[in-house]
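Add 102 to the 1-based position in the sequence shown for this note's numbering, that's all there is to it.
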Amino acid sequence: MNTDTRPPSQAAGSRATPPTFDLILFGGTGDLAMRKLLPALYRRFAAGQVAHDARIIGIARSALSAEEYATRAEAACRQHLGADFQDETWAGFRALLGYVRVDATTSTDYQNLAAVLKGREAITRLFFLSTAPDLFAAICKELAAVDIVCPTSRIMLEKPLGEDGESAARINDTVGAMVSERQIYRIDHYLGKETVQNLMALRFGNAFFEPLWRRGQIRHVQITVAEQLGVEKRGDFYDRTGALRDMVQNHLLQLLCILAMEPPATNAADAVRDEKLKVLRALRPIGEAEALIKTARGQYRAGIVGAMKAQGYLEEAGVDPASRTETFVAIKAEIDTWRWAGVPFYLRTGKRLPQAVAEIVVTFDQVPHSIFTGRFNSDPPNRLVIRLQPDEFITLRILAKAPGESMRLKPVDLALDLGESFKARPLEAYERLLGDAIAGNLTLFMRRDEVEAAWNWIDPIRAAWDADDDGPKAYASGSWGPSTSSALIARDGFAWHDEL
Ligand code: BG6
Numbered sequence: 103m104n105t106d107t108r109p110p111s112q113a114a115g116s117r118a119t120p121p122t123f124d125l126i127l128f129g130g131t132g133d134l135a136m137r138k139l140l141p142a143l144y145r146r147f148a149a150g151q152v153a154h155d156a157r158i159i160g161i162a163r164s165a166l167s168a169e170e171y172a173t174r175a176e177a178a179c180r181q182h183l184g185a186d187f188q189d190e191t192w193a194g195f196r197a198l199l200g201y202v203r204v205d206a207t208t209s210t211d212y213q214n215l216a217a218v219l220k221g222r223e224a225i226t227r228l229f230f231l232s233t234a235p236d237l238f239a240a241i242c243k244e245l246a247a248v249d250i251v252c253p254t255s256r257i258m259l260e261k262p263l264g265e266d267g268e269s270a271a272r273i274n275d276t277v278g279a280m281v282s283e284r285q286i287y288r289i290d291h292y293l294g295k296e297t298v299q300n301l302m303a304l305r306f307g308n309a310f311f312e313p314l315w316r317r318g319q320i321r322h323v324q325i326t327v328a329e330q331l332g333v334e335k336r337g338d339f340y341d342r343t344g345a346l347r348d349m350v351q352n353h354l355l356q357l358l359c360i361l362a363m364e365p366p367a368t369n370a371a372d373a374v375r376d377e378k379l380k381v382l383r384a385l386r387p388i389g390e391a392e393a394l395i396k397t398a399r400g401q402y403r404a405g406i407v408g409a410m411k412a413q414g415y416l417e418e419a420g421v422d423p424a425s426r427t428e429t430f431v432a433i434k435a436e437i438d439t440w441r442w443a444g445v446p447f448y449l450r451t452g453k454r455l456p457q458a459v460a461e462i463v464v465t466f467d468q469v470p471h472s473i474f475t476g477r478f479n480s481d482p483p484n485r486l487v488i489r490l491q492p493d494e495f496i497t498l499r500i501l502a503k504a505p506g507e508s509m510r511l512k513p514v515d516l517a518l519d520l521g522e523s524f525k526a527r528p529l530e531a532y533e534r535l536l537g538d539a540i541a542g543n544l545t546l547f548m549r550r551d552e553v554e555a556a557w558n559w560i561d562p563i564r565a566a567w568d569a570d571d572d573g574p575k576a577y578a579s580g581s582w583g584p585s586t587s588s589a590l591i592a593r594d595g596f597a598w599h600d601e602l
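This is how it looks when you write it as structure tokens:
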């Protein structure tokens, strides 16, 4: 097995030709494959990071020829790559594509796949399971039965990994019975985002943050991932899932881990994952008694988002008209460690909010004693805002003397636009994650214990909500969620960043 833990960019730089591989894409005609995975692979190919004898084999139930599959893939790549799509490059990329029709639960279909893979046992073989998670176990069982998982194989699992701790453990057991943990690549695409990795760079590449990054210096932290989109065409999936499982269990908790973890000794996979795990395990449990105080949940109604009319959640296709599924969550998380005791982390995510923005706001303590008088002379406190998307910038709010006779302080922002500073196209999350999986770098993938620790914290919240007679509170599309979200943070004497 390739144990190279260098990022692919470095690893590729030191190799004459990139390593070859077979990527077997279950869910090959699905939305993720067409919208993200194939365009990401195309980009890697265009950048010279995919070997010319690599193969990308789409797998799905539809009876398609390889030609028809390639035609679909081409249409998707043209649409999603825009001006980056080049006919000449496509011709080269097209040659890597294949297709095998497999019904995930039909054993005999796997013989056809085995025949296609025969003779290439020595090269890296990646099985990417981009299907509904309830098919993961069946697929693994069939792969094992036809004996096509070899020591060079890697299994990539797309989220959601189960719907609670129990089902996640079942999936992990099944996959773990077939391959070792070091062959399992559990995806949280937020970890592949350039901006999320920049959080690590910011914290661990700069000495001056560390002494401030703790209780006594930081008052509270807010993590917001807001979307303008509704449930789109995924009403049925979303209605069974909800924002807590869809976004908080994975993306928001991973952001929290990166913000709160202790400095790992190195950037190697297990060093980083050990530290993230400690954060997840130190999260104070939110049981039935606390859930109604420390969480707020909402469901969007009709409204206006970005000047467009949006229908309510209950009118969306695939959604139960009496659904109690939450499309908005706010949670007060507390981390019981020396570094973070007493520092609340407010997490918030929702659909149909006024802006599509992912942002971290770190509010520092006030000066212990202000020597100035008057409004703003010690308040607002310093605030670090890290915007992850749609654009990447960092601002540090400081107080400065306003020009004029009197000693009057005013807040001003030190602002850094990272897009402007580097002027380079950042890698898309899946480009990086696929590259890392091909190179055998596990740092940006979740380990079994991390996923299960995250569910351990989420499951009691879910159970408390299920036991509550009240469902989620309604909020108008285009608003920042139900009033209970503002009340949650106001109870501690604070406000959401956008409310200030
Ligand atoms: C996915 C969720 O994991 O993340 C979606 O299932 C959500 O509901 C998406 O829209 C958000 O990802 P991004 O990269 O657009 O912020």
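Note that beta-carbon positions come from the ideal geometry of N, C-alpha and C, so glycine has one too.
From a predicted model like this one, the values you see are computed outputs, not experimental measurements.
How would you call residue i, buried or exposed, if buried means at least 16 neighbouring beta carbons within 10 angstroms?
i, result
"Glu601", "exposed"
"Gln213", "exposed"
"Pro470", "exposed"
"Pro365", "exposed"
"Ala576", "exposed"
"Ala603", "The structure shown has nothing for residue 603, since the chain only spans 103 to 602."
"Trp582", "buried"
"Lys512", "exposed"
"Val308", "Reading the sequence as shown, one finds Asn at residue 308 and not Val. Its Cβ having fewer than 16 others within 10 Å, Asn308 is exposed."
"His154", "exposed"
"Phe547", "buried"
"Asp124", "buried"
"Phe311", "exposed"
"Lys411", "exposed"
"Phe447", "buried"
"Trp442", "buried"
"Arg489", "buried"
"Leu354", "buried"
"Ala114", "Residue placement at Ala114 cannot be trusted, given a pLDDT of 41 that sits under 50; the coordinates are not used to answer."
Taking 7 angstroms as the cut-off, does the CB of residue i come closer than this to any heavy atom belonging to the ligand BG6?
i, result
"Glu349", "In the sequence as displayed, the identity of residue 349 is Met instead of Glu. Checking the Cβ of Met349 against the ligand BG6 gives yes."
"His471", "no"
"Gln491", "yes"
"Ala526", "no"
"His353", "yes"
"His182", "no"
"His291", "yes"
"Lys243", "no"
"Lys503", "no"
"Ser556", "At residue 556 the sequence reads Ala, which differs from the Ser that was named. Checking every heavy atom of the ligand BG6 against the Cβ of Ala556, none is found closer than 7 angstroms."
"Ala460", "yes"
"Lys220", "no"
"Lys261", "yes"
Go ahead and pull the three-state DSSP assignment for residue i.
i, result
"Gln413", "coil"
"Ala135", "helix"
"His599", "helix"
"Met258", "strand"
"Gln181", "helix"
"Glu187", "Looking at the sequence shown, residue 187 is not Glu but Phe. Residue state, collapsed to three classes: coil."
"Asp124", "strand"
"Ala153", "coil"
"Ile500", "strand"
"Ile241", "helix"
"Ile250", "coil"
"Arg590", "Reading off the sequence shown, one finds Leu at residue 590, where the question assumed Arg. Here Leu590 sits in helix by DSSP."
"Thr276", "helix"
"Ile508", "Before going further, note that residue 508 is Ser rather than Ile in the sequence given. Three-state DSSP puts Ser508 in coil, outside helix and strand."
"Asp422", "coil"
"Leu455", "coil"
"Ser579", "strand"
"Gly160", "strand"
"Leu166", "coil"
"Thr226", "strand"
"Gly267", "helix"
"Thr119", "coil"
In the DSSP assignment, what are the bridge partners of residue i?
i, result
"Ser472", "Its beta-bridge partners do not exist; DSSP assigns none."
"Lys434", "Tyr448"
"Gln491", "Ala460"
Under the criterion of a Cβ to heavy atom distance below 7 angstroms, does residue i qualify as lining the ligand NAD?
i, result
"Glu329", "The ligand NAD is absent from the structure shown, which contains only the ligand BG6."
I want to see whether chain D comes within less than 8 angstroms of residue i, judged by CB atoms only; does it?
i, result
"Trp598", "Structure shown: chain D not included; a single protein chain is present."
Length at least 3, wholly inside the stretch 510-575: the beta strand (DSSP E) runs in chain order: 511-519
Whole beta strand (DSSP E) elements within the stretch 278-332, 3-residue minimum: Within the stretch 278-332, the complete beta strand (DSSP E) runs of at least 3 residues fall at 286-288, 320-328.
Residue ranges of each beta strand (DSSP E) within the stretch 193-222, 3 or longer: The qualifying runs are 199-203.
Completely contained alpha helix (DSSP H) runs for the stretch 351-402, where each covers 4 or more residues: 355-362, 371-384, 390-396
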